[in-house]
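Numbering (this note's numbering), first residue to last: 8 to 370.
For glycine and all other residues, C-beta sits at the position ideal for the given N, C-alpha and C.
Before any comments, here is the structure.
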Ligand SMILES: *Cc1c(COP(=O)(O)O)cnc(C)c1O
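What follows is the structure, encoded as structure tokens:
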């Protein structure tokens, strides 16, 4: 009955997220979720909202949450937009700033939702090849026809580029919007938020799904010039007036207000990440210098897909992409120390069984 479908439904090539296994003992290192629970004050805030208030629609403009985010980043309320996960914010950005007939640029190895939105909204894109070492070829993003979008740090490569390069790209694209997807910025260097006053064509997008343990609540946001926020709001209000429900709203506010807990869990992940890099290197992996909550690693001899299948049979999920240039890599989310210990133990065993563990690496 495909003939009943719209051309939009027909051309759509939906995003395929990392799988969710319904096994309680799964060691889930495949979708970059945070291994720590959200702050207790977040849970309390949600409880407080689960009564009579649910009868009523949530705030149309998410004023309190936008103001909380604005305070946190030292910007004005009208420089903040919130959406139902940053995926939605990014989708709205494609609709608000990119144009069918004007080619945008994205890296060839990047977050695979961008081509999905480009297809859906009929926006042509050019996949700019990353350098051999997966760093971003900065100047190849200058003077785009229709705009630019990429994550910093990039996913799945985990590499961060310095703000001065972001600034160059934004500067060399005056008149088009440059979207910087900072999903992992809390595990990296400085955010580009500080540049939004200088450049009205810069849109910075962030999420509460990774560093703030709220993937299940679906809250993302954008920061930029008030006129960009107005365009996003026009798109949002033509689509769904209330994308952020009451529970998500209070949860997000409470998260930003518990800075101590945020710092504690963030630091724990950074420490585990550096240990993991060392352990994986000892097991024969080449690990990219991650500035995210995941590691992008390739084994010198073992096949990445085979390793991911063997780990899955153990109840350990990691992400393998069957895509050109990265088919030898695994993307491994940084879990708790206990989860990582299980991963190292099983990896060591499998590598030994497939004869991919050299004796001198068995430290
Ligand atoms: C996880 C992720 C997102 C999506 O985040 P949500 O807020 O959960 O929708 C966006 N961009 C990148 C690069 C991500 O890794």
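Review point. Near residue 1, what residues of its chain come up, given a Cβ to Cβ distance below 6 Å and the 5 sequence neighbours on each side ignored?
Key: Only positions 8 to 370 of the chain appear in the structure, and residue 1 is not among them; the question remains open.
Point to revise | Inter-residue Cα distance where the pair is residue 190 and residue 34 | key: Residue 190 and residue 34 have their C-alpha atoms spaced approximately 22 Å apart.
Check your understanding: Can you tell me the Cα-Cα spacing of residue 143 and residue 170, whole angstroms?
Key -> Just so you know, the alpha carbons of residue 143 and residue 170 end up roughly 13 Å apart.
Check your understanding: Just the residues with CB closer than 5 Å to a heavy atom of ligand 1, in chain order, which are they?
Key -> A distance filter of 5 Å between CB atoms and the heavy atoms of ligand 1 selects the following residues in sequence order: 92, 93, 94, 118, 158, 162, 188, 190, 214, 216 and 227.
Exercise for review: Classify residue 10 as buried or exposed, calling it buried when 16 or more other Cβ atoms lie within 10 Å of its own Cβ.
Suggested key: Exposed, since its Cβ has fewer than 16 Cβ neighbours within 10 Å.
Check your understanding: Should residue 111 and residue 154 be called a contact, given that it needs their Cβ atoms to be closer than 8 Å?
Key -> Closer than 8 Å, so yes.
Point to revise | For residue 120, three-class secondary structure by DSSP | key: In this structure, residue 120 counts as helix in the three-state DSSP scheme.
Check your understanding: How long is the line joining the alpha carbons of residue 240 and residue 100, rounded to whole angstroms?
Key -> Each residue's alpha carbon lies about 10 Å from the other.
Practice item. Enumerate in chain order the residues of its own chain whose CB-to-CB distance from residue 252 is below 6 Å, with the five nearest sequence positions on each side excluded. Key: Correct list, in chain order: 65.
Review point. Which residues does DSSP pair with residue 134 in a beta bridge?
Key: In DSSP, residue 134 forms a bridge with 113.
Practice item. Let me know if residue 18 comes out buried or exposed under the rule of 16 or more other beta-carbons within 10 Å of its beta-carbon. Key: Residue 18 sits exposed, since fewer than 16 C-beta atoms from the chains shown fall within 10 Å of its C-beta.
Check your understanding: Short check: CB of residue 156 to CB of residue 333, under 8 Å?
Key -> Remark: C-beta atoms of residue 156 and residue 333 do not approach each other more closely than 8 Å.
Exercise for review: Specify, as a first and last residue, the run of the alpha helix (DSSP H) that residue 167 falls within.
Suggested key: Counting along the chain, no alpha helix (DSSP H) covers residue 167, and no H or E run does either.
Review point. Can you tell me the Cα-Cα spacing of residue 172 and residue 291, whole angstroms?
Key: Cα-Cα distance, rounded: 33 Å.
Exercise for review: Check residue 307 in the structure and name its three-state DSSP category.
Suggested key: In this structure, residue 307 counts as coil in the three-state DSSP scheme.
Practice item. Give the DSSP-derived three-state secondary structure of residue 128 in the structure shown. Key: DSSP places residue 128 in coil when its eight states are reduced to three.
Review point. According to the Cβ coordinates, are residue 32 and residue 342 closer than 8 Å?
Key: In this structure, residue 32 sits away from residue 342, with a CB-CB distance that is not shorter than 8 Å.
Practice item. Tell me, please, which residues DSSP counts as bridged to residue 214. Key: DSSP lists 227 as partners of residue 214.
Exercise for review: Kindly list the residues whose CB is nearer than 7 Å to the CB of residue 370, restricted to its own chain and excluding five residues on each side of it in sequence; keep chain order.
Suggested key: Because residue 370 sits at a pLDDT of 48, beneath the cut-off of 50, its placement in the model cannot be relied upon, and the following sentence gives the value as read from the coordinates. If the five residues before and after residue 370 are omitted, its C-beta is found closer than 7 Å to the C-beta atoms of 289, all from its own chain and listed in chain order.
Check your understanding: Buried or exposed: which applies to residue 259, given that a residue is buried once 16 or more other Cβ atoms fall within 10 Å of its Cβ?
Key -> By the C-beta density criterion, residue 259 is buried, having at least 16 other C-beta atoms within 10 angstroms.
Check your understanding: Short check: CB of residue 149 to CB of residue 179, under 8 Å?
Key -> Going by C-beta atoms, residue 149 is nearer than 8 Å to residue 179.
**Study point:** Same chain, Cβ closer than 6 Å to residue 338, five either side skipped, listed in chain order
**Key:** Excluding sequence neighbours, residue 338 sits near 163, 301, 303 and 326.
Exercise for review: Quick one: grab the DSSP three-state call for residue 302.
Suggested key: In the structure shown, the three-state DSSP call for residue 302 is strand.
Practice item. Examine chain D for any beta-carbon lying closer than 8 Å to the beta-carbon of residue 265, and answer yes or no. Key: Although the question refers to chain D, the structure presented lacks it and comprises just one protein chain.
Practice item. Would you mind sorting residue 161 into buried or exposed? The rule is 16 or more other CB atoms within 10 Å of its CB. Key: Classification for residue 161: buried.
Exercise for review: Please name the residue in 50, 331 and 293 whose C-alpha comes closest to that of residue 264.
Suggested key: Considering only alpha carbons, the answer is 50.
Check your understanding: Would you say residue 89 and residue 257 are within 8 Å of each other, going by their C-beta atoms?
Key -> In terms of Cβ geometry, residue 89 and residue 257 do not form a close pair [threshold 8 Å].
Exercise for review: Alpha carbon to alpha carbon, how far is residue 45 from residue 83? Give it in angstroms, no decimals.
Suggested key: Spanning the two alpha carbons is a distance of roughly 26 Å.
Review point. Rounded to a whole number of angstroms, what is the C-alpha to C-alpha distance between residue 200 and residue 158?
Key: Their backbone Cα atoms lie some 14 Å apart in a straight line.
Review point. Taking Cβ to Cβ, would you say residue 235 is nearer than 8 Å to residue 184?
Key: Their beta carbons are under 8 Å apart, which means residue 235 touches residue 184 by this criterion.
Exercise for review: State the CB to CB distance for the pair residue 262 and residue 219, rounded to an integer number of angstroms; the pair is presumed to be in contact (CB under 8 Å).
Suggested key: About 5 Å separates the beta carbon of residue 262 from that of residue 219, a gap short enough to meet the 8 Å contact definition.
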